[in-house]
Amino acid sequence: MHRFRDLEIWKKSREFCSKIYSTTSKFPESEKFGITNQLRRAAVSIPSNIAEGSSRKSNKDFSRFLQITLGSAYEIETQLLISYDLSFINKEELDSLSKELEAIIKMTSKFNSTLK
38 MHRFRDLEIW
48 KKSREFCSKI
58 YSTTSKFPES
68 EKFGITNQLR
78 RAAVSIPSNI
88 AEGSSRKSNK
98 DFSRFLQITL
108 GSAYEIETQL
118 LISYDLSFIN
128 KEELDSLSKE
138 LEAIIKMTSK
148 FNSTLK
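The opening residue of the sequence shown carries number 38 in the numbering used here; numbering runs sequentially from there.
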């Protein structure tokens with residue numbers, strides 16, 4: 038078992054989640070149940086799956102949750118690009134969030150490779 042609160046990927050993904058909430062709070066009200074909800078759910082999924090996976094008794098089980106985490110991260114990447122295409126975020130916001138997300142993806146992938 039791992040202590041998720043000590044994991045840097047959990048800390049960074051939690052901060053990233055807050056940024057997604059802040060960013061999507063500026064989206065049109067008509068998107069409340071659309072891309073706003075999708076982005077927020079995927080963002081919450083990242084630290085949540087890290088935490089849940091850390092409670093598993095085997096590294097194999099934890100690794101499966103980290104794979105789900107990566108899936109959520111790539112979902113967010115797509116949704117951020119769509120948000121940019123729809124002019125909900127500007128290029129600067131897209132680049133900043135994408136850079137943070139890329140760092141989380143790399144950290145998660147590297148950590149996952151140590152579990153195998």
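Heads up, the beta-carbon is just placed ideally off N, CA and C, and yes, glycines get one too. Keep in mind that this is a model prediction, so the values were computed, not measured.
Once you ignore the five residues that flank residue i on each side, which residues in its own chain have a CB closer than 6 Å to its CB?
i      : result
Glu112 : Ala79
Drop a sphere of 10 angstroms on the beta-carbon of residue i, count the other beta-carbons inside from all chains shown, and report buried for 16 or more, exposed for fewer.
i      : result
Leu118 : exposed
Pro84  : buried
Phe102 : buried
Thr151 : exposed
Asn149 : buried
Closest to residue i by C-alpha separation, out of the options, would be which residue?
i      : options                     : result
Ser135 : Lys48, Cys54, Trp47         : Cys54
Lys153 : Gln104, Phe64, Pro65        : Gln104
Leu107 : Gln75, Asn86, Arg93         : Asn86
Ser133 : Ile57, Lys94, Phe102, Glu89 : Ile57
Gln116 : Glu45, Glu66, Thr60, Ile46  : Thr60
Leu138 : Leu76, Glu89, Arg42, Lys69  : Leu76
Thr73  : Tyr121, Lys143, Met144      : Tyr121
Ser67  : Leu123, Glu130, Ser95       : Leu123
Would a C-beta distance cut-off of 8 Å place residue i and residue j closer than the cut-off?
i      : j      : result
Arg40  : Ser91  : yes
Ile141 : Ser50  : yes
Ser82  : Ser109 : yes
To which residues of the same chain is residue i closer than 7 Å at the C-beta, ignoring the five residues directly before and after it?
i     : result
Lys97 : none
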